[in-house]
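In this note's numbering, the protein residues as written are 4 to 404. Each residue gets a CB set at the ideal place from its N, CA and C atoms; glycine is no exception. Computed from a predicted structure; not experimentally measured.
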Ligand SMILES: Cc1ncc(COP(=O)(O)O)c(C=O)c1O
């Protein structure tokens, strides 16, 4: 119906300008996003009443539905209820919250930790509190949107450096003398393609130039390093002088995000990051589960991570032998380079038909021709499931050849 007044036309224009463009999904005959999962992250996973091999979740250590973790979450609810219904600075903080912060500090080896409802909030809020007019943030070109969006709204200058290119980074820093403070920001394990930042070198470059390093270890915590402590352990960095952030919703199998580092800075951030101060505190169940997950990693990391790496190596080798182009196999992120958006969704559709769940990345998350499908074979998968996934990928490659 045609709107009858200028005001109604104005409203109609607004709604027309904000319609989803799902042209590629319609062309591919498949939309892989928001899959309707009907089970816990078990093997198999259930979607639409069908069984799937789950290669999509960041549940690296397979602990999200571990009975001990589930029981811990329930005990958190029993004591504290479902929610504290308040922001941490008001009445959302608790002895459990403090215990979880301390557990994270001990785990990461850093002086003090803050826990946010999500790492998106942690990353997004951090820069508004620390980077001001006259400061420069130099950030890896592939860094996660939570970091980039946070930096862009902070009121400081922003410069990307070429992915993992230390010469480019050094060059930018050498020409950044006019800024009050320079920050260097990177992910540890890059979330779409699984490359690892040369963080030891980045840290040394920062020390040479008086810059503050910021690392998002979302895909490294619980995965990298001899005991799963993440990028700092992996890089052999002791007495880290920078800022550390990580999601608690990946290998740590719960939810939330952390910022950790020197205590005086964390004390300041506790009262200055809006995304912590003005948002309802992370739920008690997640905090109690997190404490249990950290205990399990402390006790069982060698055994659990061996399963993760066995699966990863097997999957990477099988896919390479079947002729798939991969971004790399040095981390548990095995991504198939799938070309443009349409090819990516077409491959994703074939996987769906065969009962394999992966994570497709298409434009605008990645450049139009650099689509990929991320696969993570978590430690809770049965070896037979990984074998079966490889066989399916091999058959799909033959059909497609
Ligand atoms: C590298 C990276 N940083 C931050 C986040 C956000 O973490 P969270 O899910 O805890 O908000 C993600 C999650 O996708 C991520 O991959």
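Query: Heavy atom of ligand 1 within 6 Å of residue 32 beta-carbon; Result: no
Query: Identity of the residues DSSP links to residue 57 by a beta bridge; Result: 360
Query: Member of 212, 162 and 133 whose CA lies at the smallest distance from the CA of residue 180; Result: 212
Query: Three-way DSSP call (helix, strand, coil) for residue 121 in this model; Result: coil
Query: 7 Å Cβ cutoff met for residue 35 and residue 367; Result: no
Query: Selected residue, minimal CA-CA separation from residue 248, among 256, 20, 232 and 125; Result: 125
Query: Given residue 283 as reference, the closest of 82, 18, 119 and 389 once Cα atoms are compared; Result: 119
Query: Own chain, CB closer than 6 Å to residue 86, minus 5 neighbours either side, in chain order; Result: 286
Query: Contact between the stretch 312-327 and the stretch 121-139 (3+ Cβ pairs under 8 Å); Result: no
Query: Beta strand (DSSP E) segments (min. 3 residues) lying fully within the stretch 74-156; Result: 115-119 and 139-143
Query: First through last residue of the alpha helix (DSSP H) which encompasses residue 209; Result: 202-212
Query: Anticipated Cβ contact below 8 Å, residue 147 with residue 219, distance rounded; Result: 6 Å
Query: Segments of 4+ residues assigned as alpha helix (DSSP H) that fall wholly inside the stretch 220-268; Result: 234-237
Query: Beta-carbon proximity check, residue 183 vs residue 153, cutoff 7 Å; Result: no
Query: Residues sharing a beta bridge with residue 47, DSSP; Result: According to DSSP, which records beta bridges pairwise, residue 47 is partnered with nothing at all.
Query: Cut-off 7 Å between Cβ atoms - residues of its own chain near residue 110, not counting five sequence neighbours on either side; Result: 232 and 297
Query: Span separating the alpha-carbon of residue 278 from that of residue 158; Result: 17 Å
Query: For residue 389 and residue 400, believed in contact at Cβ under 8 Å, the rounded distance; Result: The Cβ separation is near 17 Å, so there is no contact.
Query: Local Cβ density within 10 Å of residue 216, reported as buried at 16 or more and exposed below that; Result: buried
Query: Residue 408 beta carbon near ligand 1 (any heavy atom closer than 6 Å); Result: Not covered by the structure: residue 408. The range shown for the chain is 4 to 404.
Query: First through last residue of the alpha helix (DSSP H) which encompasses residue 164; Result: Looking at the DSSP string, residue 164 is not in any alpha helix (DSSP H); the run it does join, the beta strand (DSSP E), is 160-164.
Query: Three-way DSSP call (helix, strand, coil) for residue 276 in this model; Result: coil
Query: Counted within 10 angstroms of its Cβ, other Cβ atoms place residue 308 as buried (16 or more) or exposed; Result: buried
Query: Same chain, Cβ closer than 7 Å to residue 241, neighbours up to 5 away in sequence not counted; Result: none
Query: Backbone secondary structure at residue 341 - three-state DSSP; Result: strand
Query: Boundaries (first-last residue) of the beta strand (DSSP E) holding residue 376; Result: 374-378
Query: Bounding residues of the beta strand (DSSP E) (the contiguous stretch that carries residue 186); Result: 185-190
Query: Cβ-based neighbour list, residue 6, same chain, cut-off 6 Å, excluding 5 preceding and 5 following; Result: 12 and 15
Query: Beta-bridge partners of residue 216, as assigned by DSSP; Result: 187
Query: Residue environment, residue 222, which counts as buried when at least 16 other CB atoms sit within 10 Å; Result: buried
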